[in-house]
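Here the structure comes first, spelled out in structure tokens, and everything after it is commentary.
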Amino acid sequence: AVVVRFACVDEEAVGGGFEEAEGALGPVNVLVVNHAIYEKRDVSLADMSLSQWRRTLSVNLDGTFLLVRQYLRALHRCPRHLPVSVVLIGSTAGKFGEAMHADYATSKSAMMGGLLLSLKNEIVQHHPKGRANCIAPGWVRTPMASGALADRGIVSQAMATTPLRKVAEAAEIARMCAVLCSPALSGHVTGHVVDVNGGMEGRRLFTPDDIPFPL
């Protein structure tokens with residue numbers, strides 16, 4: 088394994104990172120875009136600063152653009168027999184929205200929608216069998232989520248619309264990445280968002296006590 092560190096919002100650093108990876112391992116034929124930032128504080132749209140909005144979209148969306156662009160530019164060096172696949176990591180926030188975190192939800196929604204659907208049509212211009220898909224996880228047990236998962240109120244709200252009533256493990260997301268990158272398992276699948284969220288149906292906005300009855 089080779090670890091290459093660089094800032095995903097720095098054009099030169101992204102180009103240098105790909106060159107370093109190619110020098111160590113050969114042409115990059117699979118790209119999984121898994122980075123993101125998320126403001127832990129609840130901040131409403133009315134109270135959100137422009138700097139927070141721009142920072143989140145810069146890292147989550149501009150960073151994704153730069154990584155995908157560099158990957159496409161280098162695909163001509165990839166032998167035709169190698170599988171070529173991009174997997175973007177979205178979020179249920181991009182599907183359902185997320186109150187108090189509109190910056191994050193917007194960045195993921197743009198990735199899962201316009202960017203993915205454009206990419207799946209363009210990648211074949213660089214490699215005839217190139218594919219692009221997206222995974223939209225719900226809650227995943229990671230260090231970043233550990234604080235929220237220790238809050239019973241947050242967990243209860245998240246599991247209220249999730250039939251499996253469980254939190255995903257990181258390995259479950261990784262296995263779906265492997266499936267989407269495999270031409271044997273998903274060679275005719277492109278342009279799709281795969282939910283890995285335990286069947287989550289949406290957001291619980293109110294508790295029974297919040298709803299007047301009779302209406």
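For the sequence shown, my numbering assigns the number 88 to the initial residue and increments by one for each residue that follows.
For every residue, glycine included, the Cβ atom is placed at its ideal position computed from N, Cα and C.
Does DSSP put residue i in a helix, in a strand, or in coil?
| i | result |
| --- | --- |
| residue 95 | coil |
| residue 126 | coil |
| residue 118 | strand |
| residue 296 | helix |
| residue 172 | strand |
| residue 134 | coil |
| residue 261 | helix |
| residue 167 | coil |
| residue 256 | strand |
| residue 211 | helix |
| residue 238 | coil |
| residue 250 | coil |
| residue 141 | helix |
| residue 147 | helix |
| residue 301 | coil |
| residue 291 | coil |
| residue 232 | helix |
| residue 90 | coil |
| residue 101 | helix |
| residue 219 | strand |
| residue 155 | helix |
Using the C-alpha atoms, what's the distance from residue j back to residue i?
| i | j | result |
| --- | --- | --- |
| residue 255 | residue 298 | 31 Å |
| residue 201 | residue 208 | 11 Å |
| residue 104 | residue 267 | 24 Å |
| residue 183 | residue 210 | 27 Å |
| residue 204 | residue 190 | 21 Å |
| residue 311 | residue 164 | The shown model of the chain, from 88 to 302, leaves out residue 311, and the question about it has no answer. |
| residue 300 | residue 292 | 16 Å |
| residue 238 | residue 157 | 40 Å |
| residue 242 | residue 289 | 14 Å |
| residue 129 | residue 271 | 43 Å |
| residue 233 | residue 102 | 33 Å |
| residue 309 | residue 97 | Past the boundaries of the shown model lies residue 309; the chain is included only from 88 to 302, so the question cannot be answered. |
| residue 179 | residue 302 | 31 Å |
| residue 206 | residue 296 | 45 Å |
| residue 265 | residue 138 | 36 Å |
| residue 261 | residue 269 | 12 Å |
| residue 107 | residue 92 | 10 Å |
Are the C-beta of residue i and some C-beta of chain D separated by less than 7 Å?
| i | result |
| --- | --- |
| residue 158 | The question asks about chain D, but that chain is absent: this structure has only one protein chain. |
How about residue i and residue j: do their beta carbons lie closer than 7 Å?
| i | j | result |
| --- | --- | --- |
| residue 146 | residue 176 | no |
| residue 100 | residue 173 | no |
| residue 111 | residue 90 | no |
| residue 122 | residue 162 | no |
| residue 274 | residue 253 | no |
Just checking my contact of residue i with residue j at CB under 8 Å: how many whole Å lie between their CB atoms?
| i | j | result |
| --- | --- | --- |
| residue 248 | residue 187 | So it is not a contact: roughly 17 Å between Cβ atoms. |
| residue 181 | residue 199 | 5 Å |
| residue 229 | residue 258 | At roughly 11 Å, the Cβ-Cβ gap does not stay under 8 Å, so residue 229 and residue 258 are not in contact. |
| residue 95 | residue 159 | Actually they are not in contact, since the Cβ atoms of residue 95 and residue 159 sit about 16 Å apart, beyond 8 Å. |
| residue 126 | residue 143 | 7 Å |
Just checking, does the segment 274–285 make contact with the segment 221–232 on the three C-beta pairs under 8 Å criterion? yes
Between the segment 159–169 and the segment 100–118, do three or more beta carbon pairs fall short of 8 Å? yes
Would you call the segment 177–196 and the segment 144–161 in contact, with 3 or more CB pairs under 8 Å? yes
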